[in-house]
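Student: Dropping the structure in here first, questions after.
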Amino acid sequence: LNESWQSENGGELFLYPFPHRPKRIDPILNRLVIFSSLDMLHSVAPSSVERYCLTIWLYGNSPTVSHFPPPFGTVTEETEPWKHAISFLCHHTMRRHFAKWFYRYEWAESIMRSHPDTNDTKQAINNHWNDVAIIETALSRILAKNNFSFTLQQLQELLNNHIAEQHR
Numbered sequence: 001l002n003e004s005w006q007s008e009n010g011g012e013l014f015l016y017p018f019p020h021r022p023k024r025i026d027p028i029l030n031r032l033v034i035f036s037s038l039d040m041l042h043s044v045a046p047s048s049v050e051r052y053c054l055t056i057w058l059y060g061n062s063p064t065v066s067h068f069p070p071p072f073g074t075v076t077e078e079t080e081p082w083k084h085a086i087s088f089l090c091h092h093t094m095r096r097h098f099a100k101w102f103y104r105y106e107w108a109e110s111i112m113r114s115h116p117d118t119n120d121t122k123q124a125i126n127n128h129w130n131d132v133a134i135i136e137t138a139l140s141r142i143l144a145k146n147n148f149s150f151t152l153q154q155l156q157e158l159l160n161n162h163i164a165e166q167h168r
């Protein structure tokens, strides 16, 4: 839809295929991007020029559970403890919460970029940070209960370093 799009125009789609490196997708002509908004954190960068996007939402009646492969393969006794902890937090019952906590700053920024500066937007930001605090408390307790000796902050740093090493 955007035949003359150039990188300085902005308006890119960002996908966060957690726990992997985020992907930037340029809004160019004849590009189709399909993803589940329930399972894929995403945001759109501000655009300095008019751009077009066609979005289609599909709904279903039956609840589905997404199953993602373990981020580091099957966990064994030889798996590094931090990778075991990340794999544990990426189980389908916790993955969305861990991803929201992991990308908490990007998420808040996306809310602010996507909405006008109103009281409703401020409330959405407050709600986001309240959710993040609840998630951090819950996941920290779950890690301790399951004998993982890492804080969420330590795991975030280890995973960020791992992602950076994978893409050198």
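If you use the UniProt record's numbering, the sequence shown corresponds to residues 1 to 168, in order. Glycine included, each C-beta is placed from N, C-alpha and C at the ideal position.
#1: So within the stretch 65–132, which uninterrupted alpha helix (DSSP H) runs reach at least 4 residues, ignoring any that extend past its ends?
#2: DSSP three-state call for residue 183: helix, strand or coil?
#3: Is the beta carbon of S47 closer than 9 angstroms to that of residue 180?
#4: Leaving out five residues before and five after Y103 in sequence, what residues of the same chain have Cβ atoms less than 8 angstroms from its Cβ?
#5: Which same chain residues end up closer than 7 angstroms to V33 when comparing Cβ atoms and leaving out the 5 residues on each side of it in sequence?
#6: With the cut-off set at 9 angstroms, would you say V44 and S110 are in Cβ contact?
#7: How long is the line joining the alpha carbons of E136 and I142, rounded to whole angstroms?
#8: With a threshold of 8 angstroms, are at least 3 pairs of Cβ atoms found where one atom belongs to the stretch 157–167 and the other to the stretch 123–135?
#9: Look at the Cβ atom of P71, then the Cβ atom of H115, and state whether they are nearer than 9 angstroms.
#10: For S47, which of helix, strand or coil comes out of DSSP?
#11: Using the C-alpha atoms, what's the distance from A144 back to K23?
#12: Find out if the Cβ-Cβ distance for the pair P81, S140 is shorter than 9 angstroms.
#13: Between G73 and N160, what straight-line distance do the alpha-carbon atoms span, to the nearest angstrom?
#14: Using three-state DSSP, classify L54 as helix, strand or coil.
Tutor: In terms of the structure at hand:
#1: Those alpha helix (DSSP H) runs which fall completely within the stretch 65–132 and span 4+ residues are 81–89, 95–102 and 104–114.
#2: An answer regarding residue 183 cannot be provided, because it is not within the stretch 1 to 168 covered by the chain.
#3: Residue 180 lies beyond the residue range present for the chain, which begins at 1 and ends at 168; the question has no answer from this structure.
#4: Here residue 103 refers to the residue found at position 103 when the sequence shown is read from its first residue. Counting only residues of its own chain and dropping the five nearest sequence neighbours on each side, Y103 has a CB closer than 8 angstroms to the CB of Y16, F18 and L41.
#5: Looking up residue 33 in the sequence shown gives position 33. The answer, listed in chain order, is L13 and I25.
#6: Taking the first residue of the sequence shown as 1, we reach residue 44 at position 44. Taking the first residue of the sequence shown as 1, we reach residue 110 at position 110. Their beta carbons are under 9 angstroms apart, which means V44 touches S110 by this criterion.
#7: Residue mapping note: residue 136 aligns to position 136 of the sequence shown, counting from 1. Residue mapping note: residue 142 aligns to position 142 of the sequence shown, counting from 1. Pairing E136 with I142, the inter-Cα distance amounts to about 10 angstroms.
#8: Touching, no.
#9: Counting from one through the sequence shown, the residue named residue 71 turns up at place 71. Counting from one through the sequence shown, the residue named residue 115 turns up at place 115. No, they are not a contact pair.
#10: Counting from one through the sequence shown, the residue named residue 47 turns up at place 47. Strand.
#11: Stepping through the sequence shown from its first residue, residue 23 is reached at position 23. Stepping through the sequence shown from its first residue, residue 144 is reached at position 144. Near 32 angstroms, if we compare the C-alpha coordinates of A144 and K23.
#12: As a position in the sequence shown, residue 81 is number 81, starting the count at 1. As a position in the sequence shown, residue 140 is number 140, starting the count at 1. Contact check for P81 against S140 fails: the beta carbons are separated by 9 angstroms or more.
#13: Translated into the one-based positions of the sequence shown, residue 73 becomes position 73. Translated into the one-based positions of the sequence shown, residue 160 becomes position 160. C-alpha separation (whole angstroms): 18 angstroms.
#14: Here residue 54 is taken as the residue at index 54 of the sequence shown, counted from 1. Here L54 sits in coil by DSSP.
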